[in-house]
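Visitor: To start, I am sharing the structure in question, which I have written as structure tokens.
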Amino acid sequence: MELRGRTALVTGAGRRVGQAIAVALGGRGARVAVHYHASDDGARDTLSRIERVGGEGWLVQADLSRAEAPDRLIEDVVSRAGTLDVLVNSAAVMLRTPLESVTVAQWDEMFALNLRAPFFCAVAAGRAMRAGGAQGGVIINIADLAGLEAWPAYVPHGITKAGVIHMTESLARVLAPSIRVNAIAPGAVLLPDNFAPADAERLASTTPLRRIGSPDDVSHAVVFLIEADYVTGETLIVDGGRHVR
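Residue numbering for the sequence shown follows the numbering used here, beginning at 267 and increasing consecutively.
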């Protein structure tokens with residue numbers, strides 16, 4: 267699928283899944299606004315990868331945990347590109363928080379970045395897409411399998427991601443018909459650096475497809491949802507079948 271001439275903003279594009287999504291969209295011809303907060307080197311690496319696959323893009327920095335940042339981010343992108351066609355809300359934080367250890371500061375940090383920021387980015391993007399006359403605007407929110415399952419050590423994180431899924435359904439209804447809104451709920455597609463090999467093997471063996479996924483599995487799903495113009499309000503699970511195990 268060609269995205270030439272379309273502008274995409276990927277938040278959290280300096281690392282991990284966000285980086286893979288940004289590179290995939292750039293490789294299909296989109297002009298990619300590579301958002302990052304503190305991952306300067308990672309964001310520059312993302313931009314280099316986009317250029318290596320024949321795409322183009324630019325860096326845009328913002329701390330999306332700040333209340334005013336989403337509006338400013340969208341304004342900056344539209345000011346630079348003149349339009350916005352695709353928003354991928356990927357920026358997030360995942361903290362391991364056993365129930366007895368959860369602090370108010372952790373709760374506020376996760377909700378600010380994981381739920382408040384994508385909501386207001388989507389609202390601002392929808393406004394910009396409509397103002398630009400976009401008839402095929404697309405917003406994709408990166409949720410998590412934790413939003414559909416109960417993970418005891420990640421309760422606040424799971425609540426934020428369940429909120430992202432509900433937000434997706436609500437915005438899909440409100441922003442239709444000119445803008446489609448979908449979500450992706452990844453499972454084990456990129457393990458933490460300190461994940462023990464034995465735990466990784468156990469995770470793979472208990473996944474129906476018997477393997478760990480990759481960020482590319484998520485980027486393929488993003489491309490599909492951009493192209494699937496009769497799909498909105500959907501959450502696509504990309505987890506190797508773990509949710510049916």
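Glycine residues also receive a C-beta, built at the ideal position from the N, C-alpha and C atoms.
Within 8 Å, do at least three Cβ pairs link the region 481 to 497 to the region 451 to 458?
Guide: Enough Cβ pairs lie closer than 8 Å, so yes.
Visitor: Could you give the C-beta distance for residue 326 and residue 342, rounded to a whole number, given that I count them as a contact under 8 Å?
Guide: Sequence index remark: in the sequence shown, residue 326 carries index 60 (1-based). Sequence index remark: in the sequence shown, residue 342 carries index 76 (1-based). That pair is a contact at about 6 Å.
Visitor: Run the CB neighbour count on residue 446, radius 10 Å, all protein chains shown included, and call it buried at 16 or more, exposed below.
Guide: Here residue 446 corresponds to residue number 180 of the sequence shown, with the count starting at 1. Classification for residue 446: buried.
Visitor: Please classify residue 270 as buried or exposed, where buried requires at least 16 neighbouring CB atoms within 10 angstroms.
Guide: The count along the sequence shown starts at 1 and reaches residue 270 at position 4. With fewer than 16 Cβ atoms within 10 Å of its Cβ, residue 270 is classed as exposed.
Visitor: Could you give the C-beta distance for residue 236 and residue 303, rounded to a whole number, given that I count them as a contact under 8 Å?
Guide: The structure shown does not extend to residue 236, since the chain is modelled only from 267 through 511, so no value can be given for it.
Visitor: Using DSSP with H/G/I as helix, E/B as strand and the rest coil, what is residue 463?
Guide: Here residue 463 refers to the residue found at position 197 of the sequence shown. Helix, per DSSP.
Visitor: Alpha carbons only, please: which of 367, 337, 352, 317 is nearest the one belonging to residue 419?
Guide: If you number the sequence shown from 1, residue 419 lands on position 153. The residue with the shortest Cα to Cα distance from residue 419 is 367.
Visitor: On the three-state DSSP scale, how would you describe residue 432?
Guide: Here the question's residue 432 lines up with position 166 in the sequence shown. DSSP places residue 432 in helix when its eight states are reduced to three.
Visitor: If you measure between the beta carbons of residue 268 and residue 295, is that distance less than 7 Å?
Guide: Mapped onto the sequence shown, residue 268 falls at position 2. Mapped onto the sequence shown, residue 295 falls at position 29. Result yes, Cβ atoms of residue 268 and residue 295 sit closer than 7 Å.
Visitor: Within 10 angstroms of the Cβ of residue 365, are there 16 or more other Cβ atoms? Answer buried if so, exposed if not.
Guide: In the sequence shown, the residue the question calls residue 365 occupies position 99. That one is exposed.
Visitor: My output table needs one value for residue 324: the three-state DSSP class, helix, strand or coil.
Guide: To locate residue 324, count along the sequence shown from 1; it is residue 58. In the structure shown, residue 324 sits in a strand (DSSP, three-state: E or B).
Visitor: For the alpha helix (DSSP H) that residue 484 lies in, which residues bound it at each end?
Guide: Sequence index remark: in the sequence shown, residue 484 carries index 218 (1-based). Element bounds for residue 484: 481 to 493.
Visitor: If you compare alpha carbons, which of 434, 397, 389 is closest to residue 410?
Guide: For the purposes of this step, residue 410 is identified with residue 144 of the sequence shown, where counting begins at 1. Ranking 434, 397, 389 by Cα distance to residue 410 puts 434 first.
Visitor: Which of helix, strand or coil does DSSP assign to residue 514?
Guide: Past the boundaries of the shown model lies residue 514; the chain is included only from 267 to 511, so the question cannot be answered.
Visitor: Quick one: what's got a C-beta closer than 6 Å to residue 406's C-beta in the same chain, skipping five residues either side?
Guide: For the purposes of this step, residue 406 is identified with residue 140 of the sequence shown, where counting begins at 1. So the qualifying residues of the chain are 354, 448, 488, 491.
Visitor: From residue 351 to residue 423, what does the alpha carbon distance come to, in whole angstroms?
Guide: Position 85 of the sequence shown, counted from the first residue, corresponds to residue 351. Position 157 of the sequence shown, counted from the first residue, corresponds to residue 423. Approximately 29 Å between the Cα atoms of the pair.
Visitor: Under three-state DSSP, which class holds residue 303?
Guide: The sequence position of residue 303 within the sequence shown is 37, counting from 1. Coil at residue 303, not helix or strand.
Visitor: State the DSSP-derived secondary structure class of residue 296, mapped to helix, strand or coil.
Guide: The residue given as residue 296 occupies position 30 in the sequence shown. Reduced to three states, the DSSP call for residue 296 is coil.
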